[in-house]
Amino acid sequence: MVPSTALSLTTLPGGLVALPGVYQPQADTRLLAAALAHEDLGSRTEVLEIGTGTGVLALHAATRGARVTAVDVSWPAVATARLNAWLHRLPLRVLHGDFEARTAGRHFDVVFSNPPYVPAPDDRLPSRGPERAWDAGLDGRAVIDRICVEAPSLLRPGGVLLMVHSGMCGAEKTLDRLAGAGLEAEVTATASVPWGPVLRSRRSWLEQQGLAAEAEEREELVVVRAQCP
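Under my numbering, the first residue of the sequence shown is numbered 1, with each subsequent residue one higher.
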């Protein structure tokens with residue numbers, strides 16, 4: 001599906017475009033991209049991206065010859081990723097919907113995700129709007145925990161999961177969940193970045209919940225790598 005040219009498009013670096021409300025590449029995207037660069041991808045590699053946004057990381061994997069499926073719950077994101085694949089003339093299968101439902105019965109060599117991970121005062125996940133790309137329940141783990149549970153059924157033997165999220169969500173919790181699911185997991189990369197507007201707007205609530213220290217200005221990002229035996 002290619003969006004109508006009458007719609008407003010944002011032009012991004014690298015010849016990408018984005019429809020309004022689609023999550024644009026940021027520090028977490030770049031950190032995950034660096035981690036993905038270390039993975040062995042080729043023409044026989046089956047790859048899944050959960051929450052593709054603009055499709056930038058899925059397209060990077062496709063340029064290396066991988067056969068890539070990308071899933072997103074947001075129709076604007078799906079349309080954006082499809083348009084970017086068309087503009088770059090790269091094969092990319094982009095599906096709309098919940099990743100578990102859309103990949104039932106399939107197995108992949110590499111699964112990667114930059115899921116929603118920002119703690120939110122409302123434990124219900126948003127059903128529309130740009131907030132779907134970042135709001136993830138009271139502790140920020142609503143989608144992270146689902147990926148941890150589903151990873152073993154998505155990965156082939158020896159397959160790898162890469163996931164980036166905020167240290168505010170608890171990297172150790174992620175490692176414990178993945179280990180409990182039978183995967184070998186570790187934090188392979190970190191980065192310290194300034195708080196963005198969403199975190200700044202929730203400062204008082206985050207401090208009240210014990211998720212942030214008073215006057216904290218920087219957020220730690222982590223990349224977790226887990227491998228199926």
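Each residue gets a CB set at the ideal place from its N, CA and C atoms; glycine is no exception.
Mark residue 53 as exposed unless 16 or more other C-beta atoms lie within 10 angstroms of its C-beta, in which case mark it buried. Buried, by the Cβ-count rule.
Pick helix, strand or coil for residue 78, following the three-state DSSP scheme. Residue 78: helix per DSSP, three-state reduction.
According to the neighbour-count rule (16 or more other Cβ atoms, all chains shown, within 10 Å of its Cβ), is residue 2 buried or exposed? At residue 2 the pLDDT is 42, less than 50, meaning the model places this residue with poor confidence; the figure from the coordinates comes in the next sentence. Burial call: exposed.
Counting Cβ pairs closer than 8 Å, one from the stretch 191-200 and one from the stretch 144-162, do we hit at least three? no
Less than 6 Å between C-beta atoms, sequence neighbours within five positions excluded: which residues of the same chain meet that for residue 130? Listed in chain order, the non-local C-beta contacts of residue 130 below 6 Å within the same chain comprise 21, local neighbours out to five positions each way being set aside.
Own chain partners of residue 132 with C-beta closer than 8 Å, once the 5 adjacent residues on each side are dropped: 73, 74, 116, 125, 126
Ignore the nearest five residues each way along the sequence and tell me which others in residue 171's own chain have a CB closer than 6 Å to its CB. 187, 222
Cα-Cα, which of 25, 26, 205, 44 is closest to residue 110? 44
Counting Cβ pairs closer than 8 Å, one from the stretch 57-66 and one from the stretch 81-96, do we hit at least three? yes
Could you tell me which of 79, 56, 225, 94 sits nearest to residue 71, measuring between CA atoms? It is 94.
So, with DSSP's three-state summary, where would you put residue 225? strand
Can you pull the DSSP bridge partners for residue 10? 18
If you run the structure through DSSP and keep just helix, strand and coil, what is residue 46? strand
C-beta contact flag for residue 16 and residue 78 at 7 Å: no
Would residue 67 and residue 162 qualify as a contact pair, given that the criterion is a beta-carbon distance under 7 Å? Contact flag unset, no.
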